[in-house]
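Chains as they are written, first to last, in the numbering used here: chain A, 12 to 351; chain B, 12 to 351; chain C, 12 to 351; chain D, 12 to 351. Just so it is clear, CB atoms sit at the ideal spot from N, CA and C, and this is done for glycine as well. Fair warning: this is a prediction, and the values are worked out from it, not measured in the lab.
There are 4 protein chains.
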Amino acid sequence: MESTARDQRFYQRLAEVAVAPLWRIPGTTDPEPVVDEVPHLWRWRELAPLLFEAAEVMDLGEEAERRALNAYNPSRKFGTTHNLVAGYQLVLPGEEAPTHRHTPGAIRFMLSGSGHTVVDGEPVLMEPGDLVLTPSLTWHDHRHVGDEPMIWLDGLDVPFVKAMRAGFYEDYPGRELQALLTSEGDSVRRYGAGLAPANDPWAKPYSPLMNYKWSTAYEALRRLAEAGADPHEAVRLEYVNPVTGGHVLPTMACYLQLLVAGTATRGLRHTSSTVFCVVRGSGHSVIGGKRFDWETNDFFAVPSWTWYEHAADPGEEVVLFSMSDRPMLEPFALYREQRA
Amino acid sequence: MESTARDQRFYQRLAEVAVAPLWRIPGTTDPEPVVDEVPHLWRWRELAPLLFEAAEVMDLGEEAERRALNAYNPSRKFGTTHNLVAGYQLVLPGEEAPTHRHTPGAIRFMLSGSGHTVVDGEPVLMEPGDLVLTPSLTWHDHRHVGDEPMIWLDGLDVPFVKAMRAGFYEDYPGRELQALLTSEGDSVRRYGAGLAPANDPWAKPYSPLMNYKWSTAYEALRRLAEAGADPHEAVRLEYVNPVTGGHVLPTMACYLQLLVAGTATRGLRHTSSTVFCVVRGSGHSVIGGKRFDWETNDFFAVPSWTWYEHAADPGEEVVLFSMSDRPMLEPFALYREQRA
Amino acid sequence: MESTARDQRFYQRLAEVAVAPLWRIPGTTDPEPVVDEVPHLWRWRELAPLLFEAAEVMDLGEEAERRALNAYNPSRKFGTTHNLVAGYQLVLPGEEAPTHRHTPGAIRFMLSGSGHTVVDGEPVLMEPGDLVLTPSLTWHDHRHVGDEPMIWLDGLDVPFVKAMRAGFYEDYPGRELQALLTSEGDSVRRYGAGLAPANDPWAKPYSPLMNYKWSTAYEALRRLAEAGADPHEAVRLEYVNPVTGGHVLPTMACYLQLLVAGTATRGLRHTSSTVFCVVRGSGHSVIGGKRFDWETNDFFAVPSWTWYEHAADPGEEVVLFSMSDRPMLEPFALYREQRA
Amino acid sequence: MESTARDQRFYQRLAEVAVAPLWRIPGTTDPEPVVDEVPHLWRWRELAPLLFEAAEVMDLGEEAERRALNAYNPSRKFGTTHNLVAGYQLVLPGEEAPTHRHTPGAIRFMLSGSGHTVVDGEPVLMEPGDLVLTPSLTWHDHRHVGDEPMIWLDGLDVPFVKAMRAGFYEDYPGRELQALLTSEGDSVRRYGAGLAPANDPWAKPYSPLMNYKWSTAYEALRRLAEAGADPHEAVRLEYVNPVTGGHVLPTMACYLQLLVAGTATRGLRHTSSTVFCVVRGSGHSVIGGKRFDWETNDFFAVPSWTWYEHAADPGEEVVLFSMSDRPMLEPFALYREQRA
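Take a look at the structure:
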């Protein structure tokens, strides 16, 4: 049946009552996910200078609560992938980023310098390589310690939470910085050794362990490497919530991965999207058919359902940190993966 | 610090490397969800004629696999709310809608006529008021029975699945209609009475009961009404998965609600979005401050975090069917509600 | 090494400090469970007269709180099996069994007459064939209704709870009968139709449905029978907790089973123990190699890990109710079954 | 109503058909658990010599598979408590305890010497203070290493498994010792650091971590001690299954507890029973009103629902290891505790 004038009037009338004919909606029978996001690499060499320049452009605490540069996927206005946002954040000696909380949850992977992130009253010491959590609705702020600039990789689920129309935000009542309620390292003390306090069970929907120390994680990774590598994932550990054995946050999973110098992984794709950060070494990834060469502290986005593989340069042991939105898919049986 | 030419150059250079300064991203500190969707009502009186006219414009099975009119929120191109899509679907005597499957899950609430929806080989008889499930990745088709046009309300999670980049679609291999594997009513026979087959446990992530019969549901609602009504929710039952006690689908919850003639509910809002369909009676809702008068078979969208209340006309017992995206929020502790 | 006088002194000295040499403890390397309990049948024809005679021997409410005859396994002083106790209970017109509660949970399968069991304030009408729950620590009493004697089969987990040293018991404070808090049939109204009240989630560790009506259960069983029978289990339904899909009580599972006239099941054994009650028809079971002929209202014990099979007499449709301690084994992966 | 001759005949006739009148069954209305077991202390000084003497009385591997002295509660023939059995086990230089498996699960707390326990092919190095698991149905054997006698405390759930009629036992087919499938420390490598292998999820009902090293556990305990002590439990950690956050075995929970020199705990009782082993220091406990003075390596039983409190001698930091049957009670909501 060809589209006659009558048909056109019919479709016009549908639009007038805000309905669309299913048989004309594009994408209805697409056999696979349609992914707008593109693979992309953000380079430390390019961004670090801009981060320091930002310190001249804006005053932390005065003009804004955070000095963060958010990487956005070139196909989008906001979001490193459709669900995750990553970026660098800088706190200079003497500075503090004030206390607030929000429904989006965040992870911080420390790159250089040191300082405290205070989470619901617990001062958490951040040192290079540490993974620190500031889960959904926990009060948090960042306080510089020492002489060096404090820089980390931020990872948040903001695009997802906003898409779900569930974003709430609150400044700390009355004053700028929350009170300290415990001593430093309290959560590591309680949950950091495969044992748990026997007297007060943890009931919140996120990990009670706020800091996953670099030395512990890297040592575990090296030990696991002795047992051999998976062809698609190399040697890979997940940071786990010690009271559930599950992901660190309800929305995000974090991993640490090792590629022996000169080795490469085979192609892999999955419906989850991922942001990788290069913790050690140099190499390259081929993502959606495009090659990206990377160095320490660079980070890159692998969109959903896009083939990718990594290679470590000869003579370079590579450690990759990554965050994934896989926990957002699993409750709905929407996670799917394919191996080349 | 005023925005000088130097600042402008700085911000320009950020854009060149695909990063955004967090302190300039709009909405970062919005205290509450920003909801673009608007409340809207779709009227049976207006849409029913268009649905029949659609039968003249397109041939079911020839030109397209489904004759469905999808209601889109006036603020969007696609989606009745940001996560759900609803609409009417029509199958005429002698017609069949061919077999396919997809990751989006669907519910069907029958409005008139009768027919079979075949779900993974089970012919499910649909009669007015029945709720029928075609969960994610189940093979399904629709086959007319009797003399009257078969019309139902569709409800799917397509906007969510597409936003999550997880939509897969497949036509039934080889032929147009799947083979029947069981007799009619098999799932009701196994799971429809508060008992369950003792010998083969059900392990899929959705309800094994494919049909929730109107007579059973309505009778349960009338009985529950004897115990009184909640001021905000009136008398409300959830259709439950008999092997988990949870929602019927991993992504969608369905409810049946009764308002005694002449009564009204008090204001309520939640981060989940809802599509209501009027099964019986007439009345009105006030949604986001706007009044919508409705009659039997009309349906309307209540966006996230938007105040709403319902009223039954004098002399009119009202029954509302509704579907909600609440299961999409719960795994992440993103569901929140407020009562006036 | 033969047992010398020196060895004997050694073993004697062990006993003096309350230790036993593992290598001399009998049963340490038994390949399969050692089961002391024996199969046994209790006949309605023999016990019913004794039950009425009990009414002459003791006054209900005066001398004792319950007029129950507890079947004990001939190999034991207490317990129909090692974990379960079953028996008949009688309440005569005009009588009431006072309110109390205890950690053991109970099920009641109604045999004749009618009356109310009040459970935490809800009057539950018991009619022949109904399964009624009085879960752990619920206040309960039994009140006669009508003209006929009210008789039911009791099933409790007392032997298990006592063996676990966890038995607590309490009489209702102040008066003999608890106050009624809801109208009759409240839990059926809320949970009896595959739907659940949407506004107040149930959080207790047992089924919120206190009564599983005979007509519903039997009709479901007949419908399921149309789909054919399992060779070892015939046609078998489990009564399920509608908010979890699991067993009705944390410790006990209940089933209803149908054997078509003249048919038989094949041999089966499992580490759980079972008490069967004949609801309809006559036939026989072979348990541990011994034949037991039964009629309506008889009940019999099948010990753990003991082979058994059932046969319905020609011309007699058989319905068996059963209770099992399988839920006590499952949390520990101790349930195992074998089919002939 | 006094017990007449007629009554006596009635009760006699009940016994003839294997039923008991509920109103005459002792203990039916006991308000609290009736506990037969008694508190008891087993002294290292007394038992160690007997353990070495046992090596002269029986040949390991020849006459018996294990050289273990099982502590039995003086009120019972078998079982340190009603659910648990504890005891010392000895393997001398050059000896091996052959491979077998059984449904009872076991924990081993190492006291002196060193050696391997091989668990399903993984050689687990046992050193003083280590907690090693040999869960239900895992193949396991013990192989001496070094020059010193290897002695540990055994803890098993045998009394429970036997009472549940669910004990199965099997020798390793064909040869005496199972083959090694992984290198030493494999499970610690995979799960011992708050991270988990990302590529192959663990699905068994017990902890994948077979060894909880002393140095890690003790360091965690010392760190937790800095945060203060609970008045009833002092400083107490639970060894947890890293993939569930729950107990190490489905039936048993293990704890490590510290009392600062000269401090004491207040009275506590619970429906679970416990075996405590003194890892460091000396002191005493008052259990059920009776005082027990203990030293390093002694162990003692605290029966269910029995008040107890511990005190560390002046100048002696005390570390207590304990195993509990609490996981056997929790699935049934039978765990209850009271604090003085």
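| Check | Outcome |
| --- | --- |
| Chain C partners of B/Thr227, CB-CB under 9 Å? | Ala204, Gly205, Leu206 |
| Applying the criterion that 16 or more other CB atoms from any shown protein chain within 10 Å of the CB defines a buried residue, is C/Arg56 buried or exposed? | exposed |
| Find the nearest neighbour of C/Pro134 within the set C/Ser296, C/Gly196, C/Arg17, C/Val251, judged by alpha-carbon distance. | C/Gly196 |
| Measuring straight from C-alpha to C-alpha, what distance separates A/Gln100 and A/Met339? | 25 Å |
| Quick one: Cα of A/His258 to Cα of D/Pro261, how far? | 22 Å |
| Please name the residue or residues paired with C/Lys215 in a DSSP beta bridge. | DSSP output for C/Lys215 lists no bridge partner at all. |
| Determine the burial state of A/Thr110: buried for a count of at least 16 other Cβ atoms within 10 Å of its Cβ, exposed for fewer. | buried |
| Could you tell me the alpha carbon to alpha carbon distance between D/Trp163 and C/Pro60, rounded to whole angstroms? | 60 Å |
| In the structure shown, what three-state DSSP assignment does D/Asp165 receive? | strand |
| Along chain A, in chain order, which residues have C-beta atoms closer than 8 Å to that of B/Leu61? | Phe21, Arg24, Leu25, Val28, Val30 |
| Classify D/Lys173 as helix, strand or coil using the three-state DSSP reduction. | helix |
| Take B/His153 as the anchor and find which of B/Gly126, B/Ala177, B/Leu33, B/Ala66 has the nearest alpha-carbon. | B/Gly126 |
| Can you tell me whether C/Gln268 is buried or exposed, with buried defined as 16 or more other CB within 10 angstroms of its CB? | buried |
| Do you know whose CA, among B/His295, B/Val290, B/Trp316, lies nearest B/Asn308's CA? | B/Val290 |
| Quick one: which chain A residues come within Cβ less than 8 Å of B/His258? | What B/His258 touches in chain A: nothing, since even the nearest Cβ is about 11 Å away. |
| Based on the DSSP secondary-structure assignment, which residues constitute the bridge partners of D/Arg350? | D/Leu279 |
| Report, in whole angstroms, the separation of the C-beta atoms of A/Glu244 and D/Ala207, which I expect to be a contact under 8 Å. | Rounded, the Cβ-Cβ distance is 13 Å, inconsistent with contact. |
| Can you name the residues of chain G whose CB is closer than 9 Å to the CB of A/Gly98? | The structure shown contains no chain G; its protein chains are A, B, C and D. |
| Would you mind reading off the limits of the beta strand (DSSP E) that contains A/Met137? | 133 to 137 |
| In chain order, what residues of the same chain have a beta carbon less than 6 Å from the beta carbon of C/Phe89, not counting five sequence neighbours either side? | Tyr83 |
| At least one CB of chain B closer than 8 Å to the CB of C/Ala231: is that the case? | yes |
| Assess, as a yes-or-no matter, whether the stretch 327 to 344 of chain B is touched by the stretch 25 to 42 of chain C under the definition of 3 or more beta carbon pairs within less than 8 Å. | no |
| Compare the C-beta of B/Ser335 with all C-beta atoms of chain A and state if any pair is closer than 8 Å. | no |
| Our contact map puts B/Glu205 next to C/Leu220 with C-beta atoms below 8 Å; I'd like the distance itself, whole angstroms only. | Per the sequence presented here, residue 205 of chain B reads as Gly, with Glu not at that position. Confirmed, about 6 Å. |
| Considering Cα atoms alone, identify which of C/Ser86, C/Tyr217, C/Pro44, C/Ser198 is closest to C/Val129. | C/Ser198 |
| Starting from D/Val96, trace the beta strand (DSSP E) in both directions and tell me its first and last residue. | 96 to 102 |
| Along the chain, where does the alpha helix (DSSP H) containing D/Ala236 start, and where does it finish? | 225 to 236 |
| Run through DSSP, which three-state label would C/Met263 get? | coil |
| Taking 8 Å as the threshold (C-beta atoms), are B/Arg277 and B/Ala351 in contact? | yes |
| Give a yes or no on whether 8 Å exceeds the smallest Cβ distance from C/Leu58 to chain D. | yes |
| For the alpha helix (DSSP H) holding D/Leu25, just list the boundary residues, first then last. | 16 to 27 |
| In the DSSP assignment, what residue or residues form a beta bridge with A/His153? | A/Ala108, A/Thr128 |
| Counting only Cβ pairs nearer than 8 Å, list the residues of chain A close to D/Val251. | Gly205, Leu206, Ala207, Pro253, Val254 |
| Quick test of the definition: if touching needs 3 or more C-beta pairs under 8 Å, does the stretch 91 to 106 of chain C touch the stretch 177 to 186 of chain D? | no |
| Along chain B, which residues have their Cβ under 8 Å away from the Cβ of C/Asp241? | Asn210 |
| Would you grab the beta carbon distance between B/Trp316 and B/Pro85 for me? Rounded to a whole angstrom, and I think it's under 8 Å. | The Cβ separation is near 18 Å, so there is no contact. |
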